[in-house]
Structure formats: structure tokens, C-alpha cells
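Taking the numbering used here, I'd label the letters of the sequence shown as residues 8 to 163. Yeah, the Cβ is synthetic: ideal placement off N, Cα and C, and Gly gets one too.
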Amino acid sequence: MRPAGVRKGKMTIAGFAFIRMLAEKKTAAKGSITINSNISLASAEEIDFVMGDVRQKGIKVVFEYRNIFDPDIGTLIIGGEILYLSDQKKHGELMKRWEKKKGFTDEVTAELYDLVSVRCSVQAVNLSSIVGLPPPIPIPRFSAGKPKQQPDKGGK
Numbered sequence: 008m009r010p011a012g013v014r015k016g017k018m019t020i021a022g023f024a025f026i027r028m029l030a031e032k033k034t035a036a037k038g039s040i041t042i043n044s045n046i047s048l049a050s051a052e053e054i055d056f057v058m059g060d061v062r063q064k065g066i067k068v069v070f071e072y073r074n075i076f077d078p079d080i081g082t083l084i085i086g087g088e089i090l091y092l093s094d095q096k097k098h099g100e101l102m103k104r105w106e107k108k109k110g111f112t113d114e115v116t117a118e119l120y121d122l123v124s125v126r127c128s129v130q131a132v133n134l135s136s137i138v139g140l141p142p143p144i145p146i147p148r149f150s151a152g153k154p155k156q157q158p159d160k161g162g163k
């Protein structure tokens with residue numbers, strides 16, 4: 008029996024928490040700036056979830072989201088934890104793979120990276136603004152003036 012919320016073949020996020028946020032500005036931004044972004048999965052450990060009468064194994068993954076502003080302008084680091092469930096057959100395979108390779112399947116890694124990217128990008132924009140670094144992701148800009156004419160798409 009699968010607990011509520013666990014989709015066959017997919018993982019279910021049972022928890023997400025930030026555990027560390029660091030924003031450091033070293034010098035003023037001048038000229039050309041390069042922002043190197045990285046997400047890493049630092050560790051994974053098996054944990055027990057209890058939901059009513061159902062007991063299930065889950066995995067706690069510790070991650071780090073990092074933006075480095077070059078040339079040596081500043082750094083943003085956000086660390087956190089993801090708690091997730093997968094079907095029990097897949098769970099054992101994932102833990103074996105982590106123990107052997109310190110990584111998960113491409114599918115699971117992509118799901119984790121997507122979650123970390125979405126949650127941390129919002130925080131990174133806020134943190135960069137607080138310390139005076141440029142935003143690490145593109146922000147839409149608006150200008151005054153007449154709106155550009157949209158091309159006719161053949162509709163009425």
C-alpha cells in the first residue's frame with residue numbers, strides 16, 4: 008500500500024527547509040560580471056516517516072545552492088534539506104546508488120535540482136538585493152513609452 012501523496016514512479020516532497028543563508032559582497036560591481044551558479048547534493052540519509060498507521064522509509068537530502076559573482080565581487084550560498092518519499096521498491100535502489108556513487112538517477116536528480124532552483128532563486132534575488140549584488144537571475148525590465156506593436160497572427 009502506498010501512503011497518500013506518493014505517486015507511482017515519482018517522488019513526493021514531504022518537507023523542504025532552509026538551514027543556511029549567506030550573502031557576502033566583497034567589492035562594488037564594475038564592468039563585466041560573471042555569475043557562476045551551482046547546485047550540489049551534499050548528503051543523503053534514510054529516515055522513517057510515520058503517517059497514521061503507515062510507516063515508510065524516506066530520504067533526507069542536504070543540498071547547497073551557490074552563486075559566485077566574478078571577478079571576486081561576492082557570494083550567495085543557501086543550504087537546506089529536502090525530505091521525500093518514493094515507492095519502496097525505488098527507495099532501496101536510490102539508497103544503494105547514493106551509497107555507491109554519491110548520486111541519484113538522472114530523473115530524481117533533475118526533480119531535486121528543479122525544486123532547489125525554484126525555491127532558492129527567489130531567496131537569492133532577495134539576498135542579492137539586501138547586500139547590493141546584482142540579481143543572479145534575469146529580472147524583467149520595463150521602459151516608458153509607447154508599447155510595441157504586436158505582429159498580426161492572422162486572427163480577428
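Query: Could you name the residues of the same chain whose beta carbon sits closer than 8 Å to that of R104, not counting the 5 residues immediately before and after it, in chain order?; Result: G110, F111 and T112
Query: Given a cut-off of 8 Å, decide if V68 and E88 are closer than it, judged by their beta-carbon atoms.; Result: yes
Query: Should I80 be labelled buried (16 or more other beta-carbon atoms within 10 Å of its own) or exposed?; Result: buried
Query: If you draw a straight line from the C-alpha of I40 to the C-alpha of T34, how long is it?; Result: 12 Å
Query: With DSSP as the reference, label A131 as helix, strand or coil.; Result: helix
Query: Are the CB atoms of Y120 and I20 nearer to each other than 8 Å?; Result: no
Query: Helix, strand or coil for A49, going by three-state DSSP, please let me know.; Result: strand
Query: Which value, in whole angstroms, describes the spacing of the CA atoms of K96 and L48?; Result: 22 Å
Query: Which of helix, strand or coil does DSSP assign to G99?; Result: helix
Query: Give every residue of the same chain whose Cβ lies closer than 6 Å to the Cβ of C127, excluding the five residues on either side of it in the sequence, and list them in chain order.; Result: Y72 and I85
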